[in-house]
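A short worksheet on the structure shown next.
Number of protein chains: 2
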Amino acid sequence: MAPSMSDDRKIPRLDEVADRAGVSAATVSRFFNNPKMVAAATAERIREAVEATGYVPNLLAGGLASSRSRLVAALVPDIAQSIFNATVEAMVNELSVDGHIVMLGLTGIDNARMPDLISAALARRADAIIVTGLVNDPALRDLMRSRNVTVIETWGLPDDPIDVAVGFSHRAVGQDIARFLRGRGYRRPHLLTATGTRAMERRQGFVDDWTTAGGETPTEMTFESQTRFGHGRAAFRAIRELPTRPDVIVCSSDWLAQGVLVEAMAAGVRVPDELAVVGFGNLALAAEMRPTLTTVDIDGARIGREAVDVLRRRAAGKEIPDRHIDVGFRLIARESA
Amino acid sequence: MAPSMSDDRKIPRLDEVADRAGVSAATVSRFFNNPKMVAAATAERIREAVEATGYVPNLLAGGLASSRSRLVAALVPDIAQSIFNATVEAMVNELSVDGHIVMLGLTGIDNARMPDLISAALARRADAIIVTGLVNDPALRDLMRSRNVTVIETWGLPDDPIDVAVGFSHRAVGQDIARFLRGRGYRRPHLLTATGTRAMERRQGFVDDWTTAGGETPTEMTFESQTRFGHGRAAFRAIRELPTRPDVIVCSSDWLAQGVLVEAMAAGVRVPDELAVVGFGNLALAAEMRPTLTTVDIDGARIGREAVDVLRRRAAGKEIPDRHIDVGFRLIARESA
DNA sequence: CAGATCATTGCAAGCGCTTGCAATGGCTTT
DNA sequence: AAAGCCATTGCAAGCGCTTGCAATGATCTG
């Protein structure tokens, strides 16, 4: 009944468990951290003592002594309706198997809180820091490199990773989309791009491939903020005013694409005959709405798993031969293009 | 260039900063934890020393000594496309202002991993544990109550909270929907419900209100798993086979509702004239798709903020007078009903 | 001007665990 | 039967910080 703050019943400690089991604290410690070192009979007595006392190890103390925190920081821009959620989810699930916890840090779509969050992670002596946003500040990169911490950059493949990168080539995505649309005979693409670095890389990949192949420079619009439905809507209307109407709209996110689609349907524009649409992300909706959306699928969960795999290899003392781990992507052709 | 694991440059400690600033370690500690206690001139020297050494406090050691971890555990079923994300996002953002970090735990939709995650949180001596899933095991509830940790249950208002609850009455939601539909003249509701405890409470609220007001017992279907688009689709088709066709479908999630809607449109059924649909959650899509969805909006971010507010009040030594904090809900009438 | 008050600071004893090293005793091996 | 090996366990010295208590000097107070 009383609020839990007030009852300060004593919390059992390691040595009490040890006393009860008739062994030293060291043995109980080993029971938790290195079970194969303790004899079966002893282990059983310890197990009973733990049970009886309701002992829960103090990992703050343990971490201090061993300088292993069993804490991994996951730093993402946001989780509201983020494309990164599958990655975070996979990471959290994989790591909890190993007895690690994850600190969730939200850097903001502009990554403004990145420095503070990295500090917070280092202050807790995180075993690893996994970021999806970009860390541009050289001082920060150096700080992380100077610490005994694994750093994994995900969802992209920077030329010179801080440590290890798990992701795919955004440029290649753009190129693939260009190639695909060319193959389908489209002539006048219009690009709808968010101003983020990666969306811009995809855009550049598209433009380069398209023009190199003799296509005209695509018309385009960019958006400052995170792209949502509303932007897609507005964009569709703006596009209708264009002197030469595009025959396909290439969006930097499925949200954007979905907005365009909804507005196109409302305007009675036939998709893809009059106007085709391509998205990016393959959200749950993409395959469910009508028309179904042609988009690019990234296996976000796999990115999370691969990242954890790197951590495991490190923990096992193995070297990571290739600092770039490419998980690729898949262009999924559906009804909209 | 070398992987960061290998260069073990020495990490600066508190006393090195102290030496450099010509003060004792205690003073530097106070500089970080209780700045108003140190003289301005001294603070400035310390600041410089911190800067020069690149010192980052070791919060494992600090937490051990002070028995304050500045760690809050957030335990949610999942984050894939979860209705709880706004709550988690708000919490993380609010807490980082106070210098707290949040440990994200995914309990699974059946809450199977809840016990392990609570142990993990207690092992890190979390200052607070915030759960959205239900903690049914009495032993677990007692364990948490016996520890010096604030426990906040969210998204519901259990009769006897472990500590504090922030949420709303699911029963009342069901009742409100029943009242609303009656007001609009609907007669034959059909319920689509996930088997979760809370969805069931809403269902019960609906049924009780509906029948009490003289309505016939609604037809219904329940789903074992997490409800997605696909379930809504399948449900729609099944409903078409019913002997008496319902005039409104009440879904326990927007996903379900959206699936029904998509399938209804495809089948040429006019919404809401031939068939109305009500959802729950007010996802981003609800207002964007056509027809727009009548649903119930929960201010998830507010739940997160209120929870953090409770933590702050506790930290300030204030008592929490009411252990139930009701954030309410809003039924949003749109086109679909 | 003596005594009291206050703002700063340092001392040193922990906080609860981990782990290198050494000790113990039972088994093998020759 | 002596020597060597191995599995198990205990000892004790930290890990890096916080904080109650006491000391110091400065500023007030009457």
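In the order they appear, the protein sequences are chains A and G. Each residue of the first sequence is one higher than the one before, starting from 3 at the first, in the numbering used here. Each residue of the second sequence is one higher than the one before, starting from 3 at the first, in the numbering used here. We put the beta carbon where it would ideally sit given N, CA and C, even for glycine. Since the model is a prediction, treat every value here as computed from it, not as a measurement.
message: Against chain A, with Cβ distances strictly below 8 Å, would leucine 16 of chain G count as a contact?
response: no
message: Counting C-beta neighbours from all protein chains within 10 Å, is the total for threonine 246 of chain G 16 or more, i.e. buried, or is it exposed?
response: exposed
Buried versus exposed, by CB contacts within 10 Å (16 or more), leucine 258 of chain G: buried
Residues that alanine 122 of chain A contacts on chain G, provided the C-beta gap is smaller than 7 Å: Ile103
- request: Anything in the segment 70-81 of chain A with a Cβ closer than 9 Å to a Cβ of chain G? List those residues in chain order, please.
  value: Ser71, Arg72, Leu73, Ala75, Ala76, Asp80 and Ile81
task: Counting only the same chain and skipping the five closest in sequence on each side, list residues whose C-beta sits under 8 Å from that of glutamate 91 of chain A.
output: Ala303 and Gly306
task: Look at the Cβ atom of valine 250 of chain G, then the Cβ atom of alanine 268 of chain G, and state whether they are nearer than 8 Å.
output: no
- prompt: Can you give the beta carbon distance from valine 168 of chain G to glutamate 308 of chain G, rounded, assuming they're within the 8 Å contact cut?
  reply: 5 Å
Among G:Leu77, G:Gly319 and G:Ile13, the one whose alpha carbon lies nearest that of threonine 156 of chain G: G:Leu77
query: Across which residues does DSSP place glutamate 155 of chain A in a beta bridge pair?
result: A:Val133 and A:Ala167
query: What residues in the segment 287-315 of chain G have a beta carbon less than 8 Å from any beta carbon of chain A?
result: Leu287, Glu290, Met291 and Arg292
task: Output yes or no for whether 8 Å exceeds the beta carbon distance between alanine 196 of chain G and phenylalanine 225 of chain G.
output: yes
Beta-carbon separation (whole angstroms), serine 254 of chain G vs phenylalanine 282 of chain G, contact threshold 8 Å: 6 Å
- request: Check each candidate in A:Ile164, A:Val137 and A:Thr134 and name the one with the smallest Cα separation from serine 148 of chain A.
  value: A:Ile164
- prompt: Does valine 262 of chain G come within less than 8 Å of chain A when only Cβ atoms are used?
  reply: no
task: Starting from isoleucine 251 of chain A, follow its DSSP beta bridges and name the residues at the other end.
output: A:His192 and A:Val279
- prompt: Taking Cβ positions only, does proline 37 of chain A come closer than 8 Å to chain G?
  reply: no
query: Would asparagine 284 of chain A be called buried (16 or more neighbouring beta carbons within 10 Å of its own) or exposed?
result: buried
task: Below 8 Å CB to CB, which residues in the same chain sit around valine 40 of chain A once its five sequence neighbours on both sides are set aside?
output: Thr29, Arg32, Phe33 and Ile48
field: 8 Å Cβ cutoff, leucine 145 of chain G in contact with chain A
entry: yes
message: For valine 262 of chain A and arginine 230 of chain A, what's the separation of their Cα atoms in angstroms?
response: 10 Å
Own chain partners of methionine 128 of chain G with C-beta closer than 8 Å, once the 5 adjacent residues on each side are dropped: The sequence shown places alanine at residue 128 of chain G, not methionine. Only Ser71, Leu73, Val74, Ala75, Met105 and Val151 meet the Cβ criterion.
task: Please say whether leucine 193 of chain A and arginine 181 of chain A have beta carbons closer to each other than 8 Å?
output: no
message: For alanine 27 of chain G and lysine 38 of chain G, I'd like the C-alpha separation in whole angstroms.
response: 16 Å
Cα-Cα separation, alanine 122 of chain A to glycine 110 of chain A: 16 Å
- prompt: Rounded C-beta distance between alanine 339 of chain A and leucine 183 of chain A? I'm assuming under 8 Å.
  reply: 7 Å
- request: Within 10 angstroms of the Cβ of glycine 270 of chain G, are there 16 or more other Cβ atoms? Answer buried if so, exposed if not.
  value: exposed
field: Helix, strand or coil at valine 25 of chain A [DSSP, three-state]
entry: coil
message: Within the continuous alpha helix (DSSP H) that includes glutamate 203 of chain A, where are the two ends?
response: 199-214
query: Tell me the DSSP bridge mates of glycine 107 of chain G?
result: G:Leu77
field: Short Cβ contact (8 Å threshold) for arginine 292 of chain G with valine 273 of chain A
entry: no
- prompt: DSSP on isoleucine 305 of chain A, reduced to helix/strand/coil?
  reply: helix
- prompt: In whole angstroms, what is the alpha-carbon distance linking glutamine 260 of chain A and leucine 295 of chain A?
  reply: 8 Å
query: For leucine 66 of chain A, which residues in chain G fall below 7 Å Cβ to Cβ?
result: Leu62, Ala63 and Leu66
- request: Less than 8 Å between the CB atoms is what I'm expecting for leucine 145 of chain A and glycine 56 of chain G, so what's the real figure, rounded?
  value: 7 Å
message: Let me see if you follow: with CB-CB separation under 8 Å, is aspartate 43 of chain A close to chain G or not?
response: In the sequence under discussion, the amino acid at residue 43 of chain A is alanine, which differs from the aspartate named in the question. Judged by the 8 Å Cβ criterion, alanine 43 of chain A is not in contact with chain G.
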